[in-house]
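A short write-up of the structure that comes next.
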Amino acid sequence: MSMRAAVLEVIALDAEDAFAAQAGGADRLELVTDMAADGLTPPAGTVAGIRAAVDIPLRVMLRLADGFAVGGAGAVERLVRAVGELRAAGAEEFVLGFLDPAGGADLAAVERVVAELDGCPWTFHRAIDRAADRHVLRRQLDGLPGLDTYLTAGAAGGVDDGLPVLVAEAARGGEPGYGPRIMVGGGLRLDHVPRLRDAGIDAFHIGGAARAGGWDGPVSAAAVAEWRSVLDTEVLPSPAV
């Protein structure tokens with residue numbers, strides 16, 4: 001029987017992080033800056049340097065300020081300009097997510113930025129975990145070009161709180177709004193993996209867990225390799241074709 005391996009995405013802040021993550025077995029990187037603000041858009045020069053250092057896929061954060069609102073006046077146009085600069089630096093995949101004051105998707109902002117992506121694949125990030133209604137948000141975003149992943153812990157408090165939601169959403173994969181892949185991140189630990197894999201989830205995102213000293217240190221190839229080993233052990237049957 002053929003088996004389906006899990007995808008491991010690692011947060012990288014610079015080329016050193018990226019190189020270590022790839023060496024440890026990461027499948028993809030999420031590129032950000034300023035983790036004190038939970039990850040903002042990195043400079044185009046940083047993206048170009050990372051793109052030159054590794055050959056695995058990169059997803060670049062589009063986020064100007066802490067929180068899940070798009071930002072103040074002119075923020076959308078600043079993001080649009082950033083997309084052009086980042087694509088010129090080699091970015092081909094992105095991460096974004098904006099909520100309106102009521103906790104729904106800020107469709108005007110999301111659609112404007114997505115239009116600039118011009119079909120590039122993108123992840124809607126953990127803003128979903130702060131949404132007033134996750135199901136409504138998924139239906140709002142259903143069909144947007146390029147949306148192929150939700151990065152989510154299932155709850156604002158992290159995977160410990162969100163496990164039942166993640167399992168329930170994984171079971172709804174054929175429904176409208178539930179087509180994008182679930183990538184689990186946010187307080188994710190190795191001991192969560194067996195239950196998530198049993199639910200059919202096959203994508204995992206780590207940040208501090210990839211660093212031996214937490215956020216004060218660089219990505220550790222050994223720490224990434226430990227995750228790689230566990231994920232490669234917890235395999236699932238491939239879907240029937």
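Under this note's numbering, the first residue of the sequence shown carries the number 1, and numbering increases by one thereafter. Glycine is no exception: its CB is placed at the ideal position from the N, C-alpha and C atoms.
message: Considering just the uninterrupted stretch of the beta strand (DSSP E) at leucine 231, what are its terminal residues?
response: First-last for leucine 231: 221-233, but that is the alpha helix (DSSP H), not the beta strand (DSSP E).
message: Run through the DSSP bridge pairs and tell me what threonine 242 is partnered with.
response: Shown here, the chain extends from 1 to 241; a query on residue 242 therefore has no answer.
message: Please report the straight-line C-alpha distance between alanine 240 and proline 101, rounded to a whole angstrom.
response: With a pLDDT of only 45 at alanine 240, under the threshold of 50, the placement of this residue in the model should not be trusted; the figure read from the coordinates follows. Spanning the two alpha carbons is a distance of roughly 43 Å.
task: Would you mind listing the alpha helix (DSSP H) stretches within the stretch 54-126 that are 4+ residues and don't spill past its ends, in chain order?
output: 75-88 and 107-117
Rounded C-alpha distance that separates glutamate 226 from glutamine 22: 13 Å
query: Quick one: complete beta strand (DSSP E) runs, 3+ long, within the stretch 155-217?
result: Contiguous beta strand (DSSP E) elements confined to the stretch 155-217 occur at 181-184 and 203-206, taking only those with 3 or more residues.
task: Report buried or exposed for glutamate 16, applying the criterion of at least 16 other Cβ atoms within 10 angstroms of its Cβ.
output: It is exposed - the Cβ of glutamate 16 has fewer than 16 other Cβ atoms within 10 Å.
message: Less than 7 Å between C-beta atoms, sequence neighbours within five positions excluded: which residues of the same chain meet that for valine 32?
response: Ile11, Leu13, Gly39, Leu40, Pro42 and Met61
query: Buried or exposed: glutamate 175, going by 16 or more other Cβ atoms within 10 Å of its Cβ?
result: exposed
task: Determine, using beta-carbon pairs with one atom in the stretch 47-61 and one in the stretch 86-100, whether at least three such pairs fall under 8 Å.
output: yes
One or two residues paired with isoleucine 11 in a DSSP bridge: Glu30
field: Unbroken beta strand (DSSP E) run spanning leucine 151, endpoints
entry: 147-152
task: Starting from the C-beta of glycine 158, find all residues in its chain whose C-beta is less than 7 Å away, skip the five residues before and the five after it, and write them out in chain order.
output: Gly186 and Gly187
- prompt: Smallest Cα separation from alanine 26: which of Tyr150, Ala210 and Asp216?
  reply: For alanine 26, the closest C-alpha among the options Tyr150, Ala210 and Asp216 is that of Ala210.
- prompt: Out of Tyr150, Gly84 and Pro164, which has the shortest C-alpha to C-alpha gap to phenylalanine 98?
  reply: The option with the nearest alpha carbon to phenylalanine 98 is Tyr150.
task: With DSSP collapsed to three states, give me the class of leucine 144.
output: coil
message: Using C-beta distances below 7 Å, list every residue in its chain close to alanine 109, excluding the 5 sequence neighbours before and after it, in chain order.
response: Val70, Val76 and Phe98
- prompt: For arginine 189 versus threonine 152, is the C-beta distance shorter than 8 Å?
  reply: no
message: Judging by CA-CA distance, which residue of Gly217, His205, Val230 and Gly177 is the nearest neighbour of leucine 29?
response: His205
message: Using 8 Å as the threshold, is the C-beta distance between leucine 64 and leucine 79 below it?
response: Yes, the pair counts as a contact, with Cβ atoms nearer than the cut-off.
query: Is it buried or exposed for arginine 134, if we count other Cβ within 10 angstroms and need 16 for buried?
result: buried
- prompt: Cα-Cα, which of Arg139, Ala20 and Leu196 is closest to aspartate 160?
  reply: Leu196
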